[in-house]
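Undergrad:
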Amino acid sequence: MLACDAVDLTLRRGEVHGVLGENGAGKSTLMKILIGLVLPDDGRVDVRGRSVHITDPLVAADLGIAMVHQHYSLVDALSVWENVVLGEPARLDPSAARARVREIGEHYGLDVDPDARVGSLTAGQRQRVEIVKCLRRDPTILVFDEPTSVLTPAESDQLFSVLRRVVAEEGRTVALVSHKLDEVLQATDVISIMRQGRVVEHLPAADADARTLARAMVGREVSLRAEAAAFGLAEAVQGAAPDLVSTVAAEPVPALRIRGASVRGRDGAPKLVALDVVVGAGEIVGVAGVEGNGQRELADVLSSLTKLDEGTVEVAGVAVPTGRPGAMAAAGVGVIPEDRHDSGCVLGMSVAENLAMADPHGVARRGMLDRRALRQRAARLMSEFEISAPGPDTPMRLLSGGNQQRVVLARELSASPTVLVAAQPTHGLDVGAIEYMGARLRAAAESGVGVLLISNELEEILALAHRIVVVHRGRVVGEMTRAEADLERIGLLMGGAAA
Amino acid sequence: MREIEELPLAVVDAAPVIPGGPPRRPVRDAVVTVATYVVSIAVALALCALLVAATGGSWEKVFSALIDGSLRSPGAWGLTLTTAAPLLIVAVGTIVATKAGLVNIGQEGQLLIGASCCAYVAVRIPGPGWFALLAALTAGLAGGALWAGLAAGMRFWRQVPEVISTLLLVFVAFQLVAYGLTKTWLLLDRTPRINKNNTGEPLPTDRTFGHLHLFGNDVSLSVVLALVLAVLIALWLSRSVGGFRLRMLGLNPRAAQRSGVSAVKVGGTALVASGAFAGLAGGVLLTSESAGDRVTTAFSGNYGWQGLLVALLARDRPLVAIPMALVFAALRTGSGFLAATGVERRIADVVQAMLVLALLIPPAIAAIRDRRRAVAAARAGAMATAPATAGAAA
Amino acid sequence: MIWDVLSSSILYESAFRLAVLFVLAATGEWMAERAGTLNISLEGMIIAGAFGAAVGSSTFDSVWVGLGYAAVAGLVLAAVQANMSHRLTANQFVVGLTLNVLVVGLTAFLNAELKPVVQRAGVVEIPLLSKIPLVGTAFFGQSWPAYMVYLAVPLAWFLVFRTRWGLELRACGENPQSADVSGVHVNKRRRQAIYLCGIYAGLGGGFLTLAQVGTFEPQGVAGRGFIAIAAVIFGGWTLKGTIAGCFVFGTAQALGSVLQALGYRANPQLLTSLPYVLALATMLLFAHRTRPPAALARPFVRGLT
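Residue numbers (this note's numbering), protein chains in the order written: chain A, 9 to 507; chain B, 489 to 882; chain C, 6 to 310.
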């Protein structure tokens with residue numbers, strides 16, 4: 009599998025250059041080469057006409073290339089100014105650092121308090137700190153990797169205006185990596201499209217439209233209506249009449265009812281505040297919101313990983329104790345977690361063992377595992393869910409991300425759950441895998457499972473959900489059916505404004 | 489809010505996540521692996537030989553004395569086998585805890601407490617020999633379990649890291665037993681003697697493990713017990729549902745919690761069990777008379793520490809622990825013959841520790857090699873054969 | 006009786022003297038743990054330092070050389086621990102444990118073969134200050150190596166909180182992935198923290214031999230390295246708290262001889278076990294309330310993606 013293959017890319021001063029491609033197209037790898045986190049096997053990188061070898065982030069910084077990361081560049085326990093100066097070789101000067109942070113913040117309209125502890129900031133504020141950190145090194149080239157996944161629509165607009173300013177007024181270059189057509193059409197001057205490791209097309213944004221971009225991205229004609237979500241086309245999704253069959257059975261008892269859920273984090277800050285959610289059998293309820301507003305805690309509660317301080321959870325009308333190991337799973341709650349390595353699978357075990365995790369007694373006789381039954385179950389599930397691996401005894405850690413996700417999906421669905429919680433299920437997956445996951449979730453709903461879809465990507469929710477619930481700071485701030493859904497209103501709610 | 493308790497000092501191994509896996513070359517890899525093990529061990533032994541030479545000893549004499557003491561001299565290998573039994577039992581117990589993700593390093597203390605409880609019951613309980621032996625061993629098991637249970641309680645109730653608490657409890661155990669040996673109503677010898685020197689009461693001879701007489705060697709039946717336990721645990725860990733759940737807990741506690749494995753119940757039980765094994769080993773040590781027939785303050789004699797090292801050496805595999813326990817036992821019994829060579833007998837301890845260190849290196853090298861290959865593979869995938877240019881014009 | 010004890014300057018003097026070892030070792034371990042490493046070979050580093058001091062002072066008839074040897078011995082052990090765990094990725098608990106056992110055996114072996122004769126350090130009273138009633142001799146009237154703590158602790162604080170090195174160190178202990186991406190060499194910083202820990206712990210062992218006990222005893226350290234680790238936990242990974250814990254444990258250890266000197270009798274086993282029991286008790290009270298560095302005891306390997 010080639011991640012990058014004979015890539016030709018030219019970034020010019022004073023432009024916002026969009027690098028568009030689906031997940032797995034190689035754009036992240038390409039940017040990592042530019043930033044020194046990955047070393048190329050072949051090829052040349054020229055900066056200002058001179059050939060260079062970028063061997064680590066410090067070298068890239070010297071060359072004037074800086075990246076605004078999504079998740080992995082800030083240390084929660086340190087303050088904003090400490091994070092901004094982290095990694096620089098100069099002597100530590102707190103007051104100068106603080107002053108500089110304020111200066112950059114004011115100049116670009118990135119409001120941030122130098123002494124705040126990064127761990128207490130929202131996702132949008134953290135991104136601002138990342139940008140300040142980036143700008144401090146006075147880079148010629150700024151690389152943004154999927155920046156809007158953690159922002160509300162309003163914050164995204166603000167980001168784009170900052171980008172314009174940085175580029176137009178100061179002659180820098182911005183490379184904007186994204187898989188969302190909307191974003192790229194809106195914010196960039198020039199677009200390079202990558203597919204399967206190659207740059208397949210290159211054109212000014214003014215000449216581009218959604219259809220041609222999408223076709224270049226996946227190499228075939230696409231129906232934007234049907235696949236809009238995968239391409240991050242909010243408009244198309246909104247406009248398209250949802251092809252959803254709502255088989256919400258006239259059941260008196262909902263599949264899942266969460267009442268008054270409240271939970272505090274380890275530091276005492278409230279994570280969930282009197283949260284109420286109801287999911288009917290056969291219904292897909294989308295939980296929309298910017299990352300960091302309680303979604304993770306909600307998924308953890310439904311995975312028996314967190315105990316509620318207050319409130320109840322009822323599955324098919326029966327109260328389930330929270331925080332008790334295995335109680336949720338036993339009650340019929342399947343979970344596809346946000347980070348499969350964290351709680352979804354055991355990397356050190358084989359595929360077959362992972363598939364049997366929740367119910368080892370099902371493949372055991374008199375307390376001893378029956379190897380044959382284990383393998384048979386694995387073989388069956390592997391073919392049903394198209395899991396690609398050398399065999400059922402393959403260690404889980406050797407599977408690709410997409411296949412690992414399928415193992416998790418297979419295990420959860422094969423347990424015939426009453427409720428299925430899918431948290432960021434398509435994160436990092438390519439268009440084909442995204443489509444597959446979406447189809448599976450719809451199929452589950454049609455068979456009567458109540459699906460709770462937690463996602464940062466609005467397009468995904470709009471494409472799949474029958475009903476939408478918006479969360480902000482651990483509370484439900486808005487609820488509407490798909491028909492009533494309105495991008496603007498949801499965006500405002502996500503940002504905390506009353507709508 | 490109470491999250492699944494994320495004990496900060498959990499043991500995490502740095503294993504790389506390699507999608508697709510590194511390219512593998514099985515035969516060549518196997519040869520290289522064996523070679524690294526051989527070289528590692530050779531280097532370790534060579535360093536020890538150097539140490540002996542540097543302090544004026546003769547390493548050939550040392551080696552010869554070790555072989556004499558452990559295998560060659562009359563009755564030696566029987567003694568070595570008998571010595572291996574408690575080591576193996578401690579090691580197997582340690583492996584159970586490690587597989588559950590817990591770090592127990594208090595075996596020396598758990599063993600001593602177990603031996604003391606065993607002694608207390610053995611010298612007091614009426615009845616036929618086999619019954620008393622059984623009761624005494626059970627007492628030993630219970631004593632060790634209780635002692636580890638203290639650490640388990642502290643860990644699961646108050647997040648006190650068990651690596652520290654089990655260790656500190658070793659020293660508390662020593663003091664507790666020392667105290668017990670001053671009081672006849674506890675451990676002190678009740679028989680009227682002149683020079684008791686704070687030792688325990690001698691064990692009645694009918695309450696000991698019998699011996700097998702093989703080829704002129706006395707092999708205690710405790711060896712059979714140890715072997716049976718090792719095999720049972722090996723089977724349980726790899727084949728049973730309980731063992732499966734335990735392993736899940738050790739590999740990914742959050743995934744395990746989701747699947748119904750309670751860190752407190754399963755983990756706590758594992759820690760208590762490992763203490764029970766150590767306590768049993770203490771009882772076995774007493775009733776097989778390989779360390780004397782009575783409890784003293786120095787009774788545990790490093791059996792606990794060395795059993796732990798055996799588990800490390802065996803890389804947490806109960807069946808591999810069997811030959812490893814023999815190696816350590818050989819070093820133990822062999823070192824008894826070192827006095828004649830003029831070399832301080834502690835050299836055996838040095839050899840043991842060096843062996844464990846030596847065996848840590850090959851897997852680490854293999855992991856690095858795997859990671860390097862994975863990086864190369866990703867790159868080979870990442871950049872292509874045809875020349876490419878990425879230019880950033882000023 | 007309590008008043009008798011509290012009002013005797015012997016208590017404070019003994020407590021301080023016994024706390025020096027804890028303070029040095031725990032400060033070193035504090036630095037190592039703030040970097041994200043859990044260093045259970047601390048015990049071994051102390052023993053190595055204690056033995057090194059014996060050999061050094063014996064061979065050269067000089068306490069200074071003894072201290073030098075002590076620091077080097079601790080450093081050597083730290084080098085093995087650091088490179089095996091944070092370069093070769095061996096499990097740091099296993100390595101630490103094995104090193105402890107190795108050092109015990111090795112020093113016992115060499116001690117029997119070499120039989121060093123320790124050169125003891127003399128008491129140096131700081132004029133004026135040592136005349137302060139009750140605590141004067143405790144803080145200013147000790148054998149001169151004790152005064153190392155007055156340099157070592159502020160130095161550690163300065164390094165960790167006022168230098169770039171320290172900022173990077175703390176980042177490595179909280180979020181090594183972010184530190185790595187920001188250009189910090191994570192494993193190198195972690196190794197450096199362990200080296201420093203080795204030097205500090207070695208010096209602590211040196212103090213033990215040269216100023217506290219006067220000889221090298223193979224079983225002399227007796228788990229005090231672990232009590233030092235408990236002090237770091239007690240202190241919630243703050244330096245102040247750690248030092249406070251060290252003094253608590255030092256006092257506990259001093260009680261035995263103090264009571265005896267004052268003519269009281271107490272159960273010897275109880276007194277000997279007091280520091281350990283206290284360490285356990287303080288962890289029981291405080292461990293669940295404090296927050297360790299987020300990446301403590303988690304090894305760092307730069308991932309592929």
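Every residue gets a Cβ at the ideal spot worked out from N, C-alpha and C, and that includes glycine.
Note that the structure is predicted; figures quoted are calculated from it, not measured.
From the DSSP secondary-structure annotation, give me the bridge partner or partners of S708/B.
TA: DSSP, once it has assigned bridges, lists H699/B as partnering S708/B.
Undergrad: By the 10 Å Cβ neighbour count, where 16 or more other Cβ atoms means buried, how is W618/B classified, buried or exposed?
TA: Answer is exposed; the Cβ neighbour count stays below 16.
Undergrad: Helix, strand or coil for T156/A per DSSP?
TA: Helix, per DSSP.
Undergrad: Kindly list, in the order they appear in chain A, the residues whose Cβ is closer than 7 Å to that of E222/C.
TA: Simply none; closest approach about 41 Å.
Undergrad: Are the C-beta of V282/C and some C-beta of chain B separated by less than 8 Å?
TA: It does: the Cβ of V282/C has a partner Cβ on chain B nearer than 8 Å.
Undergrad: Report yes or no: is there a C-beta of chain A within less than 8 Å of the C-beta of L725/B?
TA: Not an interface residue.
Undergrad: Decide if P298/C is buried, meaning its Cβ has at least 16 other Cβ atoms within 10 Å, or exposed.
TA: Buried, since its Cβ has 16 or more Cβ neighbours within 10 Å.
Undergrad: Out of curiosity, what's the CA-to-CA distance linking R194/C and A40/C?
TA: R194/C and A40/C: Cα-Cα distance of roughly 7 Å.
Undergrad: So what does DSSP say about P159/C, is it helix, strand or coil?
TA: Helix, per DSSP.
Undergrad: Is there a C-beta anywhere in chain C that falls below 8 Å from the one on Q663/B?
TA: Closer than 8 Å: yes.
Undergrad: With respect to the alpha helix (DSSP H) encompassing V550/B, which residues constitute its N-terminal and C-terminal limits?
TA: Segment W547 to I555, the alpha helix (DSSP H) holding V550/B.
Undergrad: Using 8 Å as the Cβ pair cut-off and three pairs as the minimum, do the stretch 693-702 of chain B and the stretch 260-271 of chain C touch?
TA: As far as the Cβ criterion goes, the stretch 693-702 of chain B does not touch the stretch 260-271 of chain C, which means the pair count is below three.
Undergrad: Can you tell me whether L312/C is helix, strand or coil according to DSSP?
TA: In the structure displayed, chain C extends from 6 to 310; residue 312/C sits before or after that span and is not available.
Undergrad: Applying the criterion that 16 or more other CB atoms from any shown protein chain within 10 Å of the CB defines a buried residue, is V515/B buried or exposed?
TA: It is exposed - the Cβ of V515/B has fewer than 16 other Cβ atoms within 10 Å.
Undergrad: Between which residues of its own chain and M502/A is the CB-CB distance below 7 Å, once the five residues before and five after are set aside?
TA: Cβ within range, chain order: T160, A296, G297, V298, V478 and H480.
Undergrad: Among the residues of its own chain, which have a CB less than 6 Å from the CB of Y17/C, if the five just before and after it don't count?
TA: If we look at Y17/C and ignore the five residues flanking it on each side, its Cβ neighbours are V140 and A143.
Undergrad: How long is the line joining the alpha carbons of Y616/B and P273/C, rounded to whole angstroms?
TA: In the sequence as presented, Tyr is not what sits at residue 616/B; that position holds Pro. Distance between the alpha carbons of P616/B and P273/C is about 39 Å.
Undergrad: Give every residue of the same chain whose Cβ lies closer than 6 Å to the Cβ of L800/B, excluding the five residues on either side of it in the sequence, and list them in chain order.
TA: For L800/B, where only same-chain residues beyond five positions count, the Cβ hits under 6 Å are V844.
Undergrad: Restricting to Cα atoms, I'd like to know which of L774/B, G698/B and Y791/B is closest to V783/B.
TA: Ranking L774/B, G698/B and Y791/B by Cα distance to V783/B puts L774/B first.
Undergrad: Along the chain, where does the alpha helix (DSSP H) that runs through V343/A open and close?
TA: Where V343/A is concerned, there is no enclosing alpha helix (DSSP H), although the beta strand (DSSP E) it sits in stretches over V341 to I344.
Undergrad: Does any residue of chain A have a CB that is nearer than 8 Å to the CB of Q598/B?
TA: For Q598/B, the answer is no, since every Cβ of chain A falls outside 8 Å of its Cβ.
Undergrad: For chain C, find out if any of its Cβ atoms is closer than 8 Å to the Cβ of G509/B; answer yes or no.
TA: Only weak support is given to the placement of G509/B: the predicted model assigns it a pLDDT of 48, under 50, and the value that follows is read from those uncertain coordinates. So, not an interface residue.
Undergrad: Looking at the C-beta of L848/B, does it have a partner C-beta in chain E at a distance below 8 Å?
TA: The structure shown contains no chain E; its protein chains are A, B and C.
Undergrad: Using the rule of at least 16 other Cβ atoms within 10 Å of the residue's Cβ for burial, across every protein chain shown, is Y80/A buried or exposed?
TA: When all chains shown are included, Y80/A counts as exposed.
Undergrad: Could you name the residues that DSSP lists as bridge partners for V128/C?
TA: BP columns for V128/C point to S148/C.
Undergrad: Would you mind sorting D185/C into buried or exposed? The rule is 16 or more other CB atoms within 10 Å of its CB.
TA: Flag for D185/C reads buried.
Undergrad: Please identify, using Cβ separations under 8 Å, the residues of the stretch 111-141 of chain C that lie next to chain B, in order along the chain.
TA: From the stretch 111-141 of chain C, only L111, A113, F114, L115, A117, E118 and L119 have a Cβ closer than 8 Å to chain B.
Undergrad: Going along the chain, which residues of its own chain have a beta-carbon closer than 8 Å to the beta-carbon of A213/A, five neighbours each way excluded?
TA: Closer than 8 Å at the Cβ level, and outside the excluded window around A213/A, lie G26, V192, L193, T196, D197, V198 and I199.
Undergrad: Within the chosen definition, does the stretch 448-459 of chain A reach the stretch 479-495 of chain A through at least 3 CB pairs nearer than 8 Å?
TA: No, they do not touch.
Undergrad: Kindly list the residues whose CB is nearer than 7 Å to the CB of A249/A, restricted to its own chain and excluding five residues on each side of it in sequence; keep chain order.
TA: For A249/A, the predicted structure reports a pLDDT of 42, less than 50, and the residue's modelled location is therefore unreliable. A value from the coordinates is still provided. Closer than 7 Å at Cβ, skipping near neighbours: no residue.
Undergrad: Just the Cα atoms here: how many angstroms apart are S422/A and L389/A?
TA: Going by the C-alpha atoms only, they are around 8 Å apart.
Undergrad: Give the residues of chain B in contact with C353/A, contact being defined as C-beta atoms less than 9 Å apart.
TA: Within chain B, the residues near C353/A are N740 and A743.
Undergrad: With 8 Å as the limit, tell me which residues of the stretch 772-803 of chain B have their beta carbon closer than that to any beta carbon of chain C; keep them in chain order.
TA: Listed in sequence order: W793, L796, L797 and L800.
Undergrad: Would you mind sorting I682/B into buried or exposed? The rule is 16 or more other CB atoms within 10 Å of its CB.
TA: I682/B should be labelled exposed.
Undergrad: Taking V60/C as the reference, which of V85/C, A161/C, L279/C and V122/C has the closest Cα?
TA: For the residues V85/C, A161/C, L279/C and V122/C, the minimum Cα distance to V60/C belongs to V122/C.
Undergrad: Starting from L801/B, trace the beta strand (DSSP E) both ways and give me its first and last residue.
TA: Here L801/B belongs to no beta strand (DSSP E); instead the alpha helix (DSSP H) covers Y791 to L801.
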